[in-house]
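Residue numbers (this note's numbering), protein chains in the order written: chain C, 1 to 548; chain W, 1001 to 1334; chain R, 2001 to 2324. Notes for the one structure printed next.
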Amino acid sequence: MRRSIAALVTMTTAITVACATEASCDGYCGTLVVLNSSDPNTVFQPRTSVIDEQPLVEQLFVRLAELTPDLETAGDSGFVPELASRWIREDEVTLVFELNPAARWHDGSPLTAEDVVFTFEVYRDPEVSATSAVLVERIESVAARDDHTVVVRYTMPYLEQLYDVAHHLFILPKHLLDTIPRGNIATHPLMTQHPIGAGPYRMERWGDDGTIELVADTNFFLGRPGIRRIVFRTVSDFGAKLTALASGDGDFVEFLGGLPAIERIEQSTQARVVSYASPVYNYLGFNFRSPADTTQPHPLFSDVRVRRALSLLVDRAAVNDAVTGGHGMVAQSPMTPMIRLTSVAIPAYEQDTARALQLLRDAGWTDSNGDGVLDRNGRTFSFEMLYPSTSGVRQTTAISLEEMFRNAGLDVDVNAVDFSTYVEQQQSGSFDTFINSQFTTPSPSSVKTAWIAGATFNWGRYHNPRFEAAVKRFENATSPNDRQQALEDAFTTMHEDAAAIWLYYLNMNAGVHTRFENVSLRPDSWSVTVWQWRVRNGAWEPRDLVGN
Amino acid sequence: MRTGLLVLLGFDLVTLIVRHNRLLDLLHGTALDRTAVIAAVLLIPVLIWLLIALHRRGGTGRGWYQQLTQDGAGRAGFWIVTLLAVIAMLAPLLAPFDPLATGPSRNAAPSLEHWFGTDTTGRDLMSRVLYGARYSLAIAVLSVLVSLTVGTLVGLVSAFRPGVGALLMRGVDAGLAFPRIVLLLVLFALWEDVGVLAMVTILGLTGWFQTSRIVQAEAQRVKRCEYILALRALGVSTMRILRHHVLPNVAAPIIVVATLGAGNIILIESGLAFLGVGLDEPNPSWGVIIFNGRDLVGTHPWIATIPGATIAVTVIGFSLLGDGLRRVLNPHRV
Amino acid sequence: MLGGIGRRLILAVLTVFLVVSLTFLLLQIAPGNPYAAYIEGCGLDPNCLTVVQSRWQADEPVYRQYFAYMDRLVHGDFGNSISNGRPVLALFAAALPNTIILGLGAMAVTFGLGVVLGTLQAVRAGTIIDHATSLITLTAFSIPVYWLGLMLAAVLAERLGWFPSLGAYDPSMYNQMTFAQQVANRLHHLVLPAISLGIVGAAWIARHHRAAMLDVLTSDFVRTAHAKGISRSAVLRRHVMRNALTTLITNFGLYVPIVLSGVVLVEAVFDWDGIGQLTANAVNRRDYPLVAGASVLTATGVVLGNLLADLLQLVADPRQRSRP
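Here's what the structure looks like:
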């Protein structure tokens, strides 16, 4: 017994001593442990579906040019060179790119203009992805003038030409993917096991358990990355993820969520909170079609008076307060704070219960039997509010909204379902209202992804021709004034139509280990700048020095 | 004792009538769910009554209450469970706030105004914990009833129809082999909207295996008894034998299993809530409250700790009571 | 005795067969569209869905599916997981060792702590120490296992930093470690989850062991030995282990379900890549092939475990051999 105790003590001491040894870096060091929520499946960007796949794509592949932190998507000057060292505008529908001759694929082959042409052909192929095809639909052609010069022609003049070709395309290796049928690229081992790209990091190991290890490409043509390794680790339980970050077992969590988590990380000695403008807006969406039969209009919400009434019942400031503790912002449109809108006037709904009830009365809803619930022709005003049980933020939202609606006489059935069921019900349109968050891209045209008929994320099946016409005018605008005017028209239309109840923008907060410096997070994609982060000298952790 | 129970029953009915509207608001879910919770809470004094009646049948002279409370453990168990039942019944009167009403002071530490503090949306924790007793008790009591019924039936059938019985018992082995929580997870995944009734059904239908084994073993033992063989030779019907000879013998061990099982169900329900399965917002079941506060264990520990402690105390109560009952209710050899 | 073993074997096989059939039945009742969870970002884009849809089998008449299912199982083909297309058996085989390690760690805590506490209580029976320890064990038995895990992680991992807060090992360094370092790393990660899982069992074992030890201490045999001059502690030492082992063997079959029920929760709290978390995640994502495969394999494991316990008992206790 005594001997075993002694052995235990010795072992414990040994482990503790090993962990506490002073560490220093002799060569190239640094390991960033990123905590994912789910396992990435593929790095073929047109078909990525899991949010944790994007940071992988950013490290493994390059774009022609990158947006600056200002995120100015209109015009030619809001970008810094990446694969393209410079671009020249030949006329109002033609851009010429000169590629950096030092660019190499991870297998050593040189990167040429043919790769850019090939990438464009893949992206515009609707067999690959309807979404990406739409994104590049106004690029008429991409051709190679010589090995390092690419000529891009557009179907018409418009302000976001450079954005369309530089931001959306991640350049793919033609010499490796050319022979694979386009529809199979997403599941090919070259995208799911050992991808080859030209980005600052290359794939070292993609484990069965979702653990991915990237190693810096020391020959990256823009310079050696600051951190030698990036390890992606999947932790499905959010609480465990926070604990790991707070205790220093993980280095980065993209989204901390609500106030409690933020406070916890602020109090931790291992990690700190980094804020950035929100790329997400949260809203209460209406289903414009009947859940029972999507060809029929919704019995409640196809009436604009009802939608306006509900919009007037919500005290957005109170909801924002409850969810974000006052740290977020009230949302007034499907635009997010990171999008540069030069003083566009967006109308908003303020809480006005009297007017709301009046509108409902106009639509025939009164409390005829005094039971506290509005009714019409014997049917009560009852509807379901759907949200995924995985989101604490939406849970708080649901609780606040339900109370506001209940006090006005509406019977709300709050329904939290697991994430699979949530997606399923959204897809099949079997819901009444839902609490959703939607990502935007840096461009205002991202409103197309969710509010145009037939759009990928238009769960509520919203269709307003006036709105769509205004969006089209915005996209084709060639002057900033026209752009602004079109955008104002679009939002005014949406406001009058009460298309959805915009709620809040969460103040985006990420958690980063304190030992990293030069950390900046671009709102639309945090990992774009990772290759420039560094570990502060002298703050080394044991995992930084591995394989040094 | 009897008068005490009658008074409690009366109290419960009064609170039902007086707080009628609040209750309907509170017990979210279908009308069936609300009825289930109320019924279960009302059942508790009835069950205690039954216990007395059952034991009086084969009385050994000393009242069961005296026997049970002879030692400190049994007494503690009995009073904890009784206190819980009383709290569950009187929750609407005891709770200072509406358990569903959000408030401005979020994550507030325990204070004079909020004795247990508030949760992430500002709801008073004490009110939620008090109402949570209703959910926990209701689910525990009703599930155990389902398990008991199914288990007893299966056990009796297996004992008296050996052919079918063998197959049923293999089914019981299979059921016991399946990890219960995995089975529960799978079953709950199939249900989209889980209310109290769904929980009770699923929990009840996954918890009867041990009971059936006990009943089957005891029934078989009794069946082979000489006394019984004589009775059957005389032409006494199987039903009478079951009622007068098998059930009283079976009652004791399954009451003990049921009591311990009730405690276990409370733990399971909270575990399922922790995994995000089963009951959810805004129902104030103890598991849901813990789920609400699980990310704040480091900074605001009371939100998860207080319901956790409540669960622990409740389970301790049921364990002690079960142990005490086991000592008291010795099976009667006929 | 061979008859006893044979009978038990047949029963075990029958039980597994029933479990498999039950699981198949559950799969059939399961609502459609199991691939909904894998296409978060796909929206209503039809092309995006096809990637995942191809991993889910087409419909056939039920009875034919049943035989096909059975046939595949017998050949060891449990299908592929919908979430990543990898074979279910491989995923399970990768996760199983982690759960076994956790189980063994928990058992070490359970028996180590349980035996120590039980002996302490027996030696000091009736005193304050005995009663206080009883209260502590009762409380430990009643605390929700995941709550204990949360508290341990919050205090020992987050606040004090003595132990890692998640995982079975540290993937950012594991592959570059020596074997000894790897073992140490795994042990370091094992401590908190094993304690969380093991304390419940420890309470339980303590109670049983206390009773067994009391029997020994008050027996005539001990009093005789005492009269002969052999010290109490010498007698105790000889009997503690033997009784502990007996407790272990007789109660092993009951102990395993207790562990398994806690495993899912502890694995969730500590992000332990064992079969508990594998199954729980699969259920949440409606990954039906993985759910079915994991459930069947787990149940089979439990049945085998019970069989083993039964056989051990047969060997250890000859009195039971003649029983049918």
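All residues carry an ideal CB built from backbone N, CA and C; glycine is no exception.
Taking C-alpha positions only, ASN1249/W is separated from SER2231/R by approximately 46 Å. Here ILE339/C is buried: its Cβ has 16 or more other Cβ atoms, across all protein chains shown, within 10 Å.
For ASP249/C against VAL512/C, the beta-carbon gap comes to about 14 Å, at or over 8 Å, which does not count as contact. Using a CB distance below 8 Å, no part of the stretch 2190 to 2219 of chain R faces chain C. Look at the beta carbons and you see the stretch 411 to 430 of chain C not touching the stretch 309 to 328 of chain C: under three pairs across the two are nearer than 8 Å. With three or more CB-CB distances shorter than 8 Å, the stretch 1130 to 1148 of chain W counts as touching the stretch 1193 to 1203 of chain W. Three or more Cβ pairs closer than 8 Å define a contact, and the stretch 518 to 531 of chain C falls short of that threshold against the stretch 285 to 293 of chain C.
For the pair GLY1171/W and TRP1286/W, the CB atoms are not nearer than the 7 Å cut-off. The beta carbons of GLN1210/W and ALA1159/W sit no closer together than 7 Å. Residue pairing by DSSP places GLY2167/R opposite no residue, since no beta bridge is assigned to it. Annotation: Cβ neighbours of ALA2154/R in chain W (cutoff 7 Å, chain order): VAL1297 and GLY1298.
Cβ-Cβ separation between TYR2063/R and PHE2024/R: approximately 11 Å, too far for a contact (criterion under 8 Å). Neighbours of PHE2179/R in chain W, taken as residues at a C-beta separation under 8 Å, are lacking, since the least C-beta distance is about 33 Å. At a cut-off of 4 residues, the continuous stretches assigned as alpha helix (DSSP H) that sit fully inside the stretch 219 to 284 of chain C are 238 to 246 and 259 to 267. Secondary structure at PHE61/C: coil, using DSSP grouped into helix, strand and coil.
In this structure the stretch 2189 to 2202 of chain R lies against the stretch 2267 to 2280 of chain R, because at least three pairs of beta carbons, one per stretch, are closer than 8 Å. Around GLN2182/R, no beta-carbon contact reaches into chain C at under 8 Å, the shortest distance being about 13 Å.
In the three-state reduction of the DSSP assignment, LEU67/C falls in the strand class, which pools E and B.
A direct Cα-Cα distance of roughly 11 Å separates PHE238/C from LEU245/C. SER2172/R places its beta carbon less than 7 Å from that of ARG543/C.
Two segments are said to touch when three or more pairs of C-beta atoms, one from each, lie closer than 8 Å; by this definition the stretch 437 to 449 of chain C touches the stretch 462 to 478 of chain C.
For VAL546/C, the residues of chain R that pass the 9 Å Cβ criterion are SER2172, MET2173, ASN2175, GLN2176 and MET2177, in the order they occur in the chain. For ARG2285/R, a Cβ of chain C is located within less than 7 Å of the residue's own Cβ.
CA-to-CA, the gap between ASN36/C and ALA510/C works out to about 12 Å. Per DSSP, ALA144/C is one residue of the beta strand (DSSP E) stretching across 139 to 146. Here the stretch 219 to 231 of chain C makes no contact with the stretch 2122 to 2136 of chain R; the two share fewer than three CB pairs at distances below 8 Å. The stretch 500 to 508 of chain C and the stretch 304 to 320 of chain C touch, with three or more beta-carbon pairs separated by less than 8 Å. In terms of beta-carbon proximity, VAL1288/W stays away from the interface with chain R, with every pair separated by 7 Å or more.
Your pair LEU1203/W and ILE1254/W does not check out as a contact, with CB atoms roughly 17 Å apart and the cut at 8 Å. Interface with chain W (7 Å Cβ-Cβ cutoff): VAL2013/R is excluded. Residue contact with chain C for GLY1155/W: absent (no Cβ-Cβ distance below 7 Å to any residue of chain C). By the rule that beta-carbons nearer than 7 Å mark a contact, ASP418/C touches chain R. From the beta-carbon of ARG264/C, the residues of chain W found nearer than 8 Å are ASP1295, LEU1296, GLY1298 and THR1299. Sequence-ordered contacts of the stretch 1197 to 1215 of chain W with chain R are nonexistent [C-beta pairs closer than 9 Å]. Counting the other CB atoms within 10 Å of its CB gives GLN438/C a total of 16 or more, which places it among the buried residues. When C-beta distances to chain W are compared with 9 Å, the residues of the stretch 238 to 260 of chain C below that value are PHE238, GLY239, LEU242, THR243, ALA246, GLY257, GLY258, LEU259 and PRO260, in chain order.
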